[in-house]
Amino acid sequence: DGGITQSPKYLFRKEGQNVTLSCEQNLNHDAMYWYRQDPGQGLRLIYYSQIVNDFQKGDIAEGYSVSREKKESFPLTVTSAQKNPTAFYLCASSMVQGVHTGELFFGEGSRLTVL
Amino acid sequence: QQPVQSPQAVILREGEDAVINCSSSKALYSVHWYRQKHGEAPVFLMILLKGGEQKGHDKISASFNEKKQQSSLYLTASQLSYSGTYFCGTEITAGNTPLVFGKGTRLSVIA
Numbered sequence: 001d002g003g004i005t006q007s008p009k010y011l012f013r014k015e016g017q018n019v020t021l022s023c024e025q026n027l028n029h030d031a032m033y034w035y036r037q038d039p040g041q042g043l044r045l046i047y048y049s050q051i052v053n054d055f056q057k058g059d060i061a062e063g064y065s066v067s068r069e070k071k072e073s074f075p076l077t078v079t080s081a082q083k084n085p086t087a088f089y090l091c092a093s094s095m096v097q098g099v100h101t102g103e104l105f106f107g108e109g110s111r112l113t114v115l
Numbered sequence: 116q117q118p119v120q121s122p123q124a125v126i127l128r129e130g131e132d133a134v135i136n137c138s139s140s141k142a143l144y145s146v147h148w149y150r151q152k153h154g155e156a157p158v159f160l161m162i163l164l165k166g167g168e169q170k171g172h173d174k175i176s177a178s179f180n181e182k183k184q185q186s187s188l189y190l191t192a193s194q195l196s197y198s199g200t201y202f203c204g205t206e207i208t209a210g211n212t213p214l215v216f217g218k219g220t221r222l223s224v225i226a
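Just so you know, the sequences run in chain order L and R.
For the first sequence, the numbering used here begins at 1 and goes up steadily by one.
For the second sequence, the numbering used here begins at 116 and goes up steadily by one.
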C-alpha cells in the first residue's frame with residue numbers, strides 16, 4: 001500500500017538535544033512538506049521541498065533543518081535552537097501537477113515532548 | 116496571510132446541517148478542505164479552484180466565491196462520523212505553492 005510513514009510516533013527529548021523525525025513516502029510524489037500543529041493554531045509550515053536536493057523555508061523555519069537527498073525521504077531535525085519544540089509534527093506529500101497544489105497526503109504524525 | 120475560519124467550534128445533533136466558512140484577505144487561487152479526527156492525520160475532502168465552482172460528494176459540498184475571497188463547506192444531514200476538526204488550506208498564487216491553513220473548526224455531532 002502506498003502512503004507516508006513517519007517515525008517515531010512519540011519522542012521525548014531533553015533540552016539542548018537535537019532530534020530527527022523521519023518521513024518516508026512511496027507515492028512517487030515530488031513535493032514534500034513539514035507542518036507543525038499546536039492546539040488551536042492549525043497547521044503551520046516549517047519547510048517544503050518540490051524536488052530532490054532543493055527545499056525552502058516555511059513560515060516557522062527557525063530552529064529546524066531538513067534535507068532532501070532522495071525523492072522518498074524528507075527528514076526534519078529539531079535543533080536545540082528551537083525555543084518551544086513540544087508539538088505534533090505532520091509530514092505530507094503531493095504531486096506536482098499543473099499549476100495548483102495537488103491533494104496533500106499526510107503521515108500519522110510525530111509527537112515530540114521536551115522534558 | 117492565514118485564512119480565517121468560522122465558527123471556531125460547533126455542536127450538532129445527528130441530522131442537522133452546518134456551514135463552515137474560510138475567508139482570506141488575499142485573492143485565492145485554490146482552496147482545499149481537510150478533516151482531522153482526534154489523534155489522526157488530516158484527510159483530504161476536496162479542492163476548489165479559481166472559477167467559483169461548487170463540489171461535493173455524499174452529503175458534504177463546498178463553494179468558492181472568488182469575489183468575496185471565501186470558501187464555504189456545507190455538511191448536510193450530519194452523521195456521528197462527521198465529527199472532527201475541519202481545516203481549509205489556501206493557495207494565493209498558481210505554481211504549486213504550499214498551502215496556508217486556517218486554525219480549524221471543531222465539529223462535534225451528538226446523537
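Glycine residues also receive a C-beta, built at the ideal position from the N, C-alpha and C atoms.
Check                                                                                           : Outcome
Beta carbon of Gln-120/R nearer than 7 Å to that of Gly-217/R                                   : yes
Proximity of Val-52/L and Arg-68/L at Cβ, strictly below 7 Å                                    : yes
Extent of the continuous beta strand (DSSP E) to which Gln-120/R belongs                        : 119-121
Any chain R beta carbon closer than 7 Å to Leu-27/L                                             : no
Local conformation of Tyr-144/R per DSSP, three classes                                         : coil
Bounding residues of the beta strand (DSSP E) (the contiguous stretch that carries Gly-199/R)   : 199-206
For Gln-6/L, the residue or residues it bridges with in DSSP                                    : Cys-23/L
Rounded straight-line distance, which links the Cα of Ser-186/R to that of Ala-192/R            : 20 Å
Alpha-carbon spacing of Phe-55/L relative to Ser-93/L, whole angstroms                          : 13 Å
Test: Leu-214/R CB closer than 7 Å to a CB of chain L                                           : yes
Heavy atom of the ligand SAM within 6 Å of Gly-102/L beta-carbon                                : For the ligand SAM, the structure offers nothing, since it holds no ligand at all.
Nearest-angstrom Cα separation, counted from Gly-3/L out to Val-163/L                           : With chain L running from 1 to 115 in the structure shown, residue 163/L is simply not present.
Unbroken beta strand (DSSP E) run spanning Gly-42/L, endpoints                                  : 42-51
C-alpha distance - Leu-222/R paired with Ala-31/L, whole-angstrom precision                     : 30 Å
Own chain residues within Cβ distance below 7 Å of Val-224/R, not counting five before or after : Leu-127, Glu-129, Ser-193, Gln-194, Leu-195, Tyr-197, Ser-198
Closer than 7 Å at the beta carbon, the chain A residues around Pro-157/R                       : This model lacks chain A altogether, as its protein chains are L and R.
Minimum C-alpha distance to Ser-140/R - residue among Gly-219/R, Gln-184/R, Thr-212/R           : Gln-184/R
Distance, Thr-208/R Cα to Gln-97/L Cα                                                           : 14 Å
Range of the contiguous beta strand (DSSP E) that encloses Thr-220/R                            : 220-225
Simplified DSSP assignment, three categories, for Leu-195/R                                     : helix
CB contact flag (Glu-206/R, Thr-101/L, <7 Å)                                                    : yes
Where Ser-67/L sits in the DSSP three-state scheme                                              : coil
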